[in-house]
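Working notes, beginning with the structure itself.
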Amino acid sequence: MLMHNPPHPGEILRELCLEPLGLSVTAAAEALGVSRKTLSAVLNGKAGISPEMAIRLSIAFETSAESWLNQQSQYELWHAEQHRKELNVKKLVAA
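Residue numbers (the UniProt record's numbering): 1 to 95.
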């Protein structure tokens with residue numbers, strides 16, 4: 001079942017991981033081994049969580065990479081579902 005308008009994983013990352021630890025974007029990016037620009041794009045919802053970023057986050061915050069990818073998938077699927085009626089797809093049935 002799809003969550004109603006799930007938050008972008010970057011929002012979760014900021015609110016549940018960075019803020020409680022008092023981490024700046026710069027410090028978190030350095031710890032994750034990514035550029036500040038890359039992390040900022042994720043935190044601001046301009047980029048998604050890639051498999052590699054999911055692994056980095058899982059190591060840094062002792063979470064599972066799958067949980068980060070699942071959040072990204074739920075976010076993207078919910079937004080895609082909002083345009084379901086716009087898709088020009090015909091049902092396929094056996095003849």
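Don't be surprised by glycine CBs; every beta carbon is placed ideally from N, CA and C. Note that the coordinates shown come from a computational prediction; the quantities given were computed from them, not determined experimentally.
With a cut-off of 8 Å on the beta carbons, I'd call His39 and Ala27 a contact; round off their distance for me.
Along the sequence shown, read from residue 1 onward, the residue named residue 39 stands at position 39. Along the sequence shown, read from residue 1 onward, the residue named residue 27 stands at position 27. It is worth fixing the name first, because residue 39 is Leu in this sequence and not His. Not confirmed; about 10 Å, so no contact.
Take Pro9 and list the residues in its own chain whose beta-carbon comes closer than 8 Å to its own, dropping the five residues that flank it on each side.
Numbered from 1 along the sequence shown, position 9 holds the residue referred to as residue 9. Only Val42, Gly48, Ile49, Trp68, Gln71, Gln72, Tyr75 meet the Cβ criterion.
Top-ranked residue by Cα proximity to Ile59, from Leu32, Glu81, Glu19
The residue you call residue 59 lines up with position 59 of the sequence shown. Answer by Cα proximity: Leu32.
For the putative contact between Leu23 and Leu57, defined by C-beta atoms under 8 Å, what is the C-beta separation to the nearest angstrom?
Here the question's residue 23 lines up with position 23 in the sequence shown. Here the question's residue 57 lines up with position 57 in the sequence shown. Wrong, their Cβ atoms sit about 13 Å apart, outside the cutoff.
Express the C-alpha separation of Leu21 and Leu87 in angstroms, rounding to a whole number.
Here residue 87 corresponds to residue number 87 of the sequence shown, with the count starting at 1. Here residue 21 corresponds to residue number 21 of the sequence shown, with the count starting at 1. Distance between the alpha carbons of Leu87 and Leu21: 43 Å.
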